[in-house]
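Asker:
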Amino acid sequence: MKDIIIALDGHSACGKSTLAKAMAKALKYVYIDSGAMYRAVTFYAMEEGLIKEGKTVDRQLIIDHLSSINISFNYNSKTGKSETFLNGKNVEEIIRTIEVSKFVSEISKIKEVREKLVEFQQRLGKNKAIVMDGRDIGTAVFPQAKLKLWITANDDIRVARRYKELLEKGYEVSLKDVQDNVEQRDFEDSHRKESPLVKAEDAIVLDNSHLSKDETLKRAIDLAINAMK
Ligand code: DC
42 MKDIIIALDG HSACGKSTLA KAMAKALKYV YIDSGAMYRA VTFYAMEEGL IKEGKTVDRQ
102 LIIDHLSSIN ISFNYNSKTG KSETFLNGKN VEEIIRTIEV SKFVSEISKI KEVREKLVEF
162 QQRLGKNKAI VMDGRDIGTA VFPQAKLKLW ITANDDIRVA RRYKELLEKG YEVSLKDVQD
222 NVEQRDFEDS HRKESPLVKA EDAIVLDNSH LSKDETLKRA IDLAINAMK
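Everything in the sequence shown is counted per our numbering, starting at 42 for the first residue and increasing by one.
#1: Using 8 Å as the cut-off, can you tell me whether the stretch 80–89 makes contact with the stretch 106–114, which would need three or more C-beta pairs spanning the two stretches below that distance?
#2: Is it true that the CB of R176 sits closer than 7 Å to the CB of A54?
#3: Apart from the five residues on each side of it in sequence, which residues of its chain come closer than 7 Å, Cβ to Cβ, to I46?
#4: What would DSSP say about D50, mapped onto helix, strand or coil?
#5: Would you report the Cα separation of K62 and I148, rounded to the nearest angstrom?
#6: So if DSSP puts T193 in a beta bridge, which residue, or which two residues, is it bridged to?
#7: Quick one: using the 10 Å Cβ neighbour count with 16 as the cut-off for buried, is D44 buried or exposed?
#8: Tell me whether R260, by its Cβ, gets closer than 6 Å to a heavy atom of the ligand DC.
#9: Quick check on Y204: does DSSP put it in helix, strand or coil?
#10: Please list the terminal residues of the continuous beta strand (DSSP E) segment that includes F126.
#11: Start and end of the beta strand (DSSP E) containing Y212?
#12: Taking one C-beta from the stretch 193–211 and one from the stretch 115–132 each time, how about it: are there three or more such pairs within less than 8 Å?
#13: If F161 and M64 are in contact, beta carbons under 8 Å, what's the gap, nearest whole angstrom?
#14: Please classify D197: is it buried, with 16 or more other beta-carbons within 10 angstroms of its beta-carbon, or exposed?
#15: Going by other Cβ atoms of all chains shown within 10 Å of its Cβ, with 16 needed for buried, is V219 buried or exposed?
#16: Under 7 Å between the Cβ atoms of K150 and R233?
#17: Just to check, is the beta-carbon of K230 closer than 6 Å to a non-hydrogen atom of the ligand DC?
So this is what it looks like as C-alpha cells:
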C-alpha cells in the first residue's frame with residue numbers, strides 16, 4: 042500500500058471535516074483543515090481592525106499584513122486533536138464562531154491570501170499520507186491527489202447539523218442565522234474568481250444525507266484502500 046494524498050471538497054457544513062478527521066485517524070494519516078487557515082486569517086483581520094466599521098473588508102490592508110500572519114497546527118495530547126494557532130495563540134475555538142463565518146468567504150476571495158495559504162497547504166502535503174478538506178483541494182491545491190471526494194448532503198440537513206453543532210458548543214445562534222450564513226458562503230465560495238468551489242472532474246461523489254457517520258467512513262475507507270493499491 043502506498044501513501045497517498047486524499048482531498049475532500051464540498052459546500053459548507055456537508056460533513057467534510059468530520060469525515061476527513063475520521064479517515065485520517067483510521068489510516069494513521071495527518072489531517073489538515075484548510076478552512077481553519079482562512080478562518081484564522083479572518084480572525085486576524087477582525088482583531089486588527091482590518092474590517093472597516095465591522096462591515097467592509099479592506100483588501101489592500103489585509104495583503105499588507107499577510108507577512109505578519111503565521112498559522113500553525115499543534116497536536117493536543119489531552120484531547121487527541123490538532124489545534125489551530127495564529128501567531129502562537131490557540132484560536133481553534135474562536136475561529137468557529139458565526140462572526141468569523143460571516144467574513145471568511147470575503148477574505149478567501151483575495152488572491153494573495155489564497156496564494157499564501159495554498160503554498161502552505163502544498164508544503165504540508167509533501168510527504169503525502171495526508172487528508173485535507175476544503176473547497177479547492179482537489180482542483181487547485183492537489184490536482185494530482187490519488188483520491189478526491191466530493192462530499193455532499195442536502196441543504197436542510199447541512200443547516201440542521203451546523204446549527205446543532207454550534208448550540209452544543211454553547212454559542213447563541215438562531216437557525217435563520219445559520220441558514221443565511223451557509224447559503225451566503227455556498228454562493229460566494231462557488232462564484233468567486235480565484236479557485237471557486239467546483240467538483241473536480243475526477244472526484245467521487247459521496248452523498249451522506251442518509252448515511253450514518255460510520256457508513257460514510259466505511260465507504261470512504263474502501264475508496265482510499267482501493268486508491269492506495
Ligand atoms: O471549511 P470551513 O467552512 O471551515 O471553511 C471556511 C471558509 O474558508 C469557506 O467558506 C471558504 C474558505 N475556504 C476556501 O476558500 N478554500 C478552502 N480550501 C477552504 C476554505
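Quick reminder that beta carbons are idealized off the backbone N, C-alpha and C, glycines included.
Answerer: Let me spell this out:
#1: yes
#2: no
#3: G166, K169, I171, F183, A186 and K187
#4: strand
#5: 25 Å
#6: D248
#7: exposed
#8: no
#9: helix
#10: K122 to L127
#11: It is not in any beta strand (DSSP E) - Y212 carries neither H nor E in the DSSP assignment.
#12: no
#13: The Cβ separation is near 21 Å, so there is no contact.
#14: exposed
#15: buried
#16: yes
#17: Correcting the residue identity first, residue 230 is Asp in this sequence and not Lys. Indeed, a heavy atom of the ligand DC lies less than 6 Å from the Cβ.
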